Structure formats: C-alpha cells, structure tokens
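There are 2 protein chains.
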Amino acid sequence: MTTATSSRALAHPERAEIRLESVLHALSDPMRLQVVRELAAAEDELSCSHFDLPVTKSTTTHHFRVLRESGVIRQVYRGTAKMNGLRRDDLTELFPGLLDAVLDASVRQERRLADG
Amino acid sequence: MTTATSSRALAHPERAEIRLESVLHALSDPMRLQVVRELAAAEDELSCSHFDLPVTKSTTTHHFRVLRESGVIRQVYRGTAKMNGLRRDDLTELFPGLLDAVLDASVRQERRLADG
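Protein chains in written order, with my numbering: chain B, 33 to 148; chain L, 33 to 148.
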C-alpha cells in the first residue's frame with residue numbers, strides 16, 4: 033500500500049492565519065474535544081473511521097471540518113482514507129500551553145463528573 | 033452610596049456545574065474575550081457601563097449573559113449598577129492554567145496581528 037497523498041487536497045489555514053477564537057470555538061464541543069484528546073494520546077495520524085462518535089456520519093464530517101478549518105487538525109487523504117493529525121507544533125508556537133491546559137482540563141472534568 | 037446587593041439576583045452555575053465546553057465557547061468570541069481580559073487586568077469588579085464594546089447594547093447584554101451562564105464571570109447588582117467579576121478562583125480550581133493560557137494566547141495574538 034502506498035501512502036501517496038491524493039490530489040484531493042483539503043484547505044487548511046496557514047499557521048499565521050490560525051485564530052485563537054476559532055480554536056477555542058473548535059474545542060468548545062464535546063465531540064470535537066474527544067477527537068482532539070484521542071489524537072493527542074495517539075501522537076500519530078488517525079483515520080476518520082477510527083473515531084466512533086455517537087452522531088451521524090454527516091455530523092462527524094462537520095466536526096472534523098471545524099477542527100481543520102480552525103487549524104486544530106490537519107487532514108490529508110492517503111489512498112482512500114482521510115487521515116487526521118493534531119497541529120500541535122503550530123498551536124504550541126502560537127499559543128504556548130493552551131492545548132495542554134485544555135486537554136488537562138478535559139481529563140479533570142471527566143474524572144470529576146465520574147466521581148460525582 | 034451603599035453597596036447593598038439588590039434582590040434582583042442573577043442565576044449563576046455553582047462551581048461544580050461549570051463545564052469546560054461552555055467556558056471555551058464563552059471565550060471563543062472576540063468581544064467576550066476582550067471583556068475577560070479587562071476583568072483580569074482590573075483584578076476587581078467592573079460595571080457593564082465600563083466596557084465600551086463596538087456592538088449594540090442588547091448584544092453587549094447577550095455577551096455578558098453568556099459569560100455569566102458559563103461560569104466565567106459573576107454578575108451582581110450593586111445599587112443601579114450591574115457589576116462584573118472574573119470567577120478566577122473557580123476556574124483555577126477546576127481548570128488549572130487554562131484561563132492564564134487563554135489570556136496569554138490572546139495577548140500574543142494581538143501583538144502578532146499588530147506586527148503583521
């Protein structure tokens with residue numbers, strides 16, 4: 033199997049075009065936050081089909097598009113799979129500590145609600 | 033002038049009811065982020081009339097309500113003024129480092145765009 037990227041390139045903001053407000057909006061949804069947490073834990077690209085979100089396929093596609101257009105993830109076609117990777121370097125350069133603070137906050141909240 | 037709180041109490045989430053997703057959503061708007069930055073810098077309550085946002089009064093009221101209902105700010109009537117304070121203790125306890133990371137990111141972005 034080749035890993036050649038197809039010509040169906042998806043639009044992404046350049047690093048300088050990424051805006052804090054859009055990143056925060058992208059992270060403000062529980063499904064999208066879950067995707068980001070899984071990508072952060074994987075430290076690798078994951079295919080869209082890897083994620084089993086409790087929403088319709090079109091809603092899943094919407095969530096990934098919001099994450100991509102805000103600059104939180106990078107999406108590339110590899111063969112027939114759409115692969116997703118966290119833009120950790122870009123986010124860390126622009127907003128030091130923000131992504132980790134959000135990820136940590138998400139884990140804390142999950143534990144708190146489970147204990148509650 | 034007295035500082036007695038009037039009986040027109042406004043609804044706020046308890047600390048345990050504050051949700052990360054709602055906080056991120058509240059912070060994902062440029063106007064609301066500006067309000068939070070001013071409150072953080074003031075380290076004190078500020079009246080709604082202190083803020084001169086380039087939007088209508090009803091939109092301003094909406095933004096403050098989103099901030100209050102998400103748990104980011106506390107609003108109390110003192111006499112005829114509606115005073116606003118950042119719920120820094122609650123946010124720091126729930127989501128350590130998050131508020132400061134967002135505030136820092138906002139300052140960095142402002143500088144970056146000004147330099148651009």
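Every residue gets a Cβ at the ideal spot worked out from N, C-alpha and C, and that includes glycine.
Quantities reported herein were computed from a predicted structural model and do not represent experimental measurements.
Under three-state DSSP, which class holds residue i?
i         : result
Met33(B)  : Note that Met33(B) scores 43 on pLDDT, short of 50, meaning its location in the model is unreliable and no value can be drawn from it.
Val108(L) : strand
Ser38(L)  : For Ser38(L), the predicted model reports a pLDDT of 47, less than 50, meaning its position is unreliable and no value from the coordinates is stated.
Ala74(L)  : helix
Leu65(B)  : helix
Ala48(L)  : helix
Pro86(B)  : coil
Can you pull the DSSP bridge partners for residue i?
i         : result
Ala113(L) : Arg110(L)
Ser79(B)  : Met115(B)
Under 6 Å: does the beta carbon of residue i sit that close to some heavy atom of the ligand NAP?
i        : result
Leu99(L) : In the structure shown, the ligand NAP is absent, as is every other ligand, since no ligand is present at all.
Which residues bound the alpha helix (DSSP H) around residue i?
i         : result
Asp147(L) : Leu130 to Asp147
Ser54(L)  : Leu52 to Leu59
His95(B)  : Lys89 to Ser102
Glu125(B) : Arg120 to Leu126
If we count Cβ pairs, one from each stretch, closer than 8 Å, do we get three or more for the segment 65 to 75 of chain L versus the segment 107 to 120 of chain L?
-> Taking 8 Å as the limit for Cβ pairs, the verdict is that the segment 107 to 120 of chain L does touch the segment 65 to 75 of chain L.
Given 8 Å as the limit, is there contact between the segment 75 to 90 of chain L and the segment 39 to 54 of chain L, that is, 3 or more CB pairs closer than that?
-> Not touching, per the Cβ criterion.
Contact between the segment 88 to 98 of chain B and the segment 121 to 129 of chain B: three or more CB pairs below 8 Å?
-> The segment 88 to 98 of chain B vs the segment 121 to 129 of chain B: no contact.
Inter-stretch contact at 8 Å, needing at least 3 Cβ pairs: the segment 51 to 63 of chain L / the segment 129 to 148 of chain B | The answer is yes - the segment 129 to 148 of chain B touches the segment 51 to 63 of chain L, with three or more Cβ pairs under 8 Å.
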